[in-house]
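Down below is the structure, laid out as structure tokens.
Residue numbers (the numbering used here), protein chains in the order written: chain A, 1003 to 1472; chain B, 8 to 299.
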């Protein structure tokens, strides 16, 4: 398997709005009922889906912006392109020679294969993993596994989609951006794993990332029936030329009785993006949900993967890394609702702030009155690499049953001068020593990532640390 | 002796010889020329004055250590021993206000710490820092490669296999279990394990001049003996020059110094041979230095 193109937008300035003028030529800006109907008819959707979209639109228009968290007032909602058909999405046939030298260098440092480099740079070469994907797909289909583009799934499996789509997990009126998502969603992933089916190989959304119009309001719906076992990986592709400024995806996961789900994602949007993503899992009896996430890009991120533990002995594991660089706010965290007895959760978050970046951990642990013997642990460690960067920890706990055992540990600090000096005396330069220590800091989470992601994550840190002499 | 036995013997010797050469090439010691340079490494400290937080701790230290020699720097607590070792490696809080440090012909007084390491200098820390999340194996691979690159920029990095072999062999020699390399560097280590980790690093980085800063601290008698045996072996193998910084003379019965220097209040007040260490052991610093 090739390395996935996740951390490639390191020199973001050069990526951003390179091509914005070509985008504006055809696609319309702003949101209207007309647009919502247009999207639905373009996709030949059933009436009930159009109803969801229209309800989403009404809720979106009604609801105010969140009054907590990062300031979103400069998000110009009327100026965003909410939908564009592939032929409206003008993508210049750019040649490899036109790609800026520093981007090429970044690709080389990350060790990304040639074919992928071209795709990432927007040169638009077809990515060769398609054949690999098809082989796997046939294998899965034999077991009754459905792994499809969300739009395709809606056409092929309308009943399944209707049952689960923004009904029980993330309701349409959950919050302003969930409502917006309902109105304009497009593309995404649908996964259905039947009873007792175990998929050994991780399912990678990345296999299907050739579609040009992907990633802005994508919907991910993952359903694991009883006793099923799967690992789904979503590596957000590199920031694209002319990237849009708002990302409001939605992930809904159903982990039925005795099933095990691991969801890994790495998000790396270009730094002018508002990443306002909603991710939630419903976890039934004795089922196991694991979130492993890395948030690297975006100007503003608000993302709090949520586990609703509905069945007895359900377990949730939340592991995350957030990296806030210059001009970035990473407002991330985890939410766990313990709604049944004997449920357990474990949250481990690490954040790195650098060059004026700000990272906030926002967590919620809620224990329902009838839920007995809850065990919930959370640990948040913040690394602040210079004195103009910031970190905050805002843990909220709402414990309504006194048999619960809850722990929360938080630490914040910088890399010690003594650590760096020690590594330097062994022959590592200041930058090498710093990235080694930073990589060590995130290691407990990185080691949970698939190998190729872990390797890229470590390389990313090395690149970010270059020239960071404090 | 039968022919087959002779053949066997020949191959055994030839193999050992080739392995030696093979190892030597890793560290860029293969040419006679560089071997001669290697022999000549010398650390020279001239009139070194060092300030920490605006306070002068060292008031003019002169010391010269040739590869192959063992020097002991003894002194009571607070005499400036550790200040000297940290200043030698360019610790950012230790400011050299006067004087100079040379490695052979190169002035390293203001050189970055890692470049001093590339020139063959090595310091064992009194209490080495723990770096959680970084395995000994990962760390040492990067450190070895950094040194190789510095010495011969054209030299490619060690292949994973080559590195693994070198690491395993060295750990075998030091009687360390293989799992040791997978542990996070000094993280959760006992005092003895930390010192072992330092020795392993020393063995792999192959320095020419080594400063042992209170290597005896936190070790019981048996552990100290074992650590010293390893150091002695490495010393012979790598022709190291050693500066032992110590409070207690005990370590000097395991690693015999050629020269002993006594540091008091930031000055070397007397120098001598091993017998000086004996006098300190029996009479203490005050009496020995009072005669001066």
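Yeah, the Cβ is synthetic: ideal placement off N, Cα and C, and Gly gets one too. Note that this is a predicted model, so its numbers are computed, not measured.
Residue 1379/A: member of the beta strand (DSSP E) spanning 1377-1386, first to last residue. The Cβ atoms of residue 1406/A and residue 1395/A lie no closer than 8 Å to each other. Annotation: the continuous alpha helix (DSSP H) that includes residue 203/B extends over 198-212. Neighbours of residue 146/B in chain A, taken as residues at a C-beta separation under 8 Å, are given in chain order as 1425, 1428 and 1438. Using a Cβ-Cβ cut-off of 8 Å, residue 139/B counts as an interface residue toward chain A, since at least one Cβ of chain A sits closer than that to its own. The criterion of a C-beta distance shorter than 8 Å is satisfied by residue 66/B and residue 274/B. In this model, residue 155/B and residue 1173/A are separated by some 59 Å (Cα to Cα).
Between residue 1148/A and residue 1192/A the beta-carbon gap is near 7 Å, inside 8 Å, which marks them as a contact.
The Cβ-Cβ distance between residue 221/B and residue 177/B does not fall below 8 Å. The way I'd put it, the region 206-225 of chain B does touch the region 139-150 of chain B; three or more beta-carbon pairs between them come closer than 8 Å. According to the DSSP assignment, residue 238/B belongs to no beta strand (DSSP E) but to the alpha helix (DSSP H) extending over 228-245.
Nearest CB-CB separation between residue 62/B and chain A: not below the 8 Å threshold. For residue 1324/A, the uninterrupted beta strand (DSSP E) segment begins and ends at 1317-1326. Residue 189/B and residue 135/B have their C-alpha atoms some 17 Å from each other. The beta carbon of residue 1074/A lies closer than 6 Å to those of 1067 in the same chain, with the five residues before and after it left out.
A distance below 6 Å between beta-carbons, with the five flanking residues on each side excluded, links residue 1444/A to the following residues of its chain, in chain order: 1323 and 1352. For the options 231/B, 61/B and 212/B, the alpha carbon positioned closest to that of residue 245/B is the one of 212/B. With a threshold of 8 Å between beta carbons, residue 109/B makes no contact with chain A. The three-state secondary structure of residue 192/B, taken from DSSP, is coil. The Cβ atoms of residue 1278/A and residue 1167/A lie no closer than 8 Å to each other.
Residue contact with chain A for residue 244/B: absent (no Cβ-Cβ distance below 8 Å to any residue of chain A). Not one beta carbon of chain B lies nearer than 8 Å to the beta carbon of residue 1279/A. Along the region 1282-1299 of chain A, there is no position whose C-beta sits under 7 Å from a C-beta of chain B.
Distances from the alpha-carbon of residue 1052/A to those of 1182/A, 1199/A and 1039/A put 1039/A closest. Close to chain A, meaning a Cβ-Cβ distance shorter than 9 Å, are the following residues of the region 113-132 of chain B: 119, 120, 121, 122, 123, 124, 125, 128, 129, 130 and 132.
Put simply, the CB of residue 1443/A is near chain B, with a gap under 8 Å to one of its CB atoms.
Using a Cβ-Cβ cut-off of 8 Å, residue 1431/A is close to 119, 121 and 153 of chain B, given in chain order. Of the other Cβ atoms in all chains shown, 16 or more fall within 10 Å of the Cβ of residue 1187/A; this residue is therefore buried.
For the set 1331/A, 1404/A, 1361/A and 1388/A, the Cα lying nearest the Cα of residue 1375/A is the one of 1404/A. For residue 1450/A, the three-state secondary structure derived from DSSP is coil.
Bridge pairing for residue 271/B: 274/B [DSSP]. Residue state for residue 152/B is assigned as helix, using DSSP reduced to three classes. Residue state for residue 218/B is assigned as strand, using DSSP reduced to three classes.
Note that the region 248-262 of chain B touches the region 67-81 of chain B; at least 3 beta-carbon pairs, one per stretch, sit closer than 8 Å.
Between the beta-carbon of residue 1459/A and that of residue 1327/A there is about 15 Å, and that puts the pair past the 8 Å contact cut. Under DSSP, residue 1206/A forms a beta bridge with 1235/A.
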